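Participant: This is the structure, below, for whatever I ask next.
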């Protein structure tokens with residue numbers, strides 16, 4: 879995928895993924911990750927984080943009247 883098509887936050891996250899995170903991802907993904915370069919793995923990590931956060935935000939907005947849980951908590955006294 880063309881990196882210019884990714885949201886800015888994903889592009890930024892790709893740049894900040896540490897060696898420790900790469901090692902952990904390779905352990906979790908096993909054989910699949912062994913075939914990936916570090917750059918490919920960084921891309922996959924950042925995209926999955928972005929998707930999971932987006933999906934969670936969408937679910938929370940449906941559940942909490944258009945707001946995320948953090949937004950609802952911020953409203954509390």
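In the numbering used here, the protein residues as written are 879 to 955. Every residue, glycine too, gets a C-beta built ideally from N, C-alpha and C. Source: prediction; values computed, not measured.
Helix, strand or coil, according to DSSP, for residue 889 in the structure here?
Facilitator: The residue given as residue 889 occupies position 11 in the chain shown. In the structure shown, residue 889 sits in a helix (DSSP, three-state: H, G or I).
Participant: Determine the contact status of residue 918 and residue 891, defining contact as a CB-CB distance below 8 angstroms.
Facilitator: Looking up residue 918 in the chain shown gives position 40. Looking up residue 891 in the chain shown gives position 13. Result no, Cβ atoms of residue 918 and residue 891 do not sit closer than 8 angstroms.
Participant: For residue 937, does the three-state DSSP call read helix, strand or coil?
Facilitator: As a working note, residue 937 is residue 59 in the chain shown. Helix at residue 937.
Participant: Taking only the alpha-carbon atoms, compute the straight-line gap between residue 916 and residue 901 and give it to the nearest angstrom.
Facilitator: Sequence index remark: in the chain shown, residue 916 carries index 38 (1-based). Sequence index remark: in the chain shown, residue 901 carries index 23 (1-based). Approximately 10 angstroms, taken between the alpha carbons.
Participant: Let me know the secondary structure DSSP gives residue 907 once reduced to three states.
Facilitator: Taking the chain shown and counting its residues from 1, the one referred to as residue 907 is at position 29. Residue 907: helix per DSSP, three-state reduction.
Participant: DSSP three-state call for residue 916: helix, strand or coil?
Facilitator: The count along the chain shown starts at 1 and reaches residue 916 at position 38. In the structure shown, residue 916 sits in a helix (DSSP, three-state: H, G or I).
Participant: Got a sec, what are the start and stop residues for the alpha helix (DSSP H) residue 950 sits in?
Facilitator: Within the chain shown, numbered from 1, the residue matching residue 950 stands at position 72. Run containing residue 950: 947–953, per the alpha helix (DSSP H) assignment.
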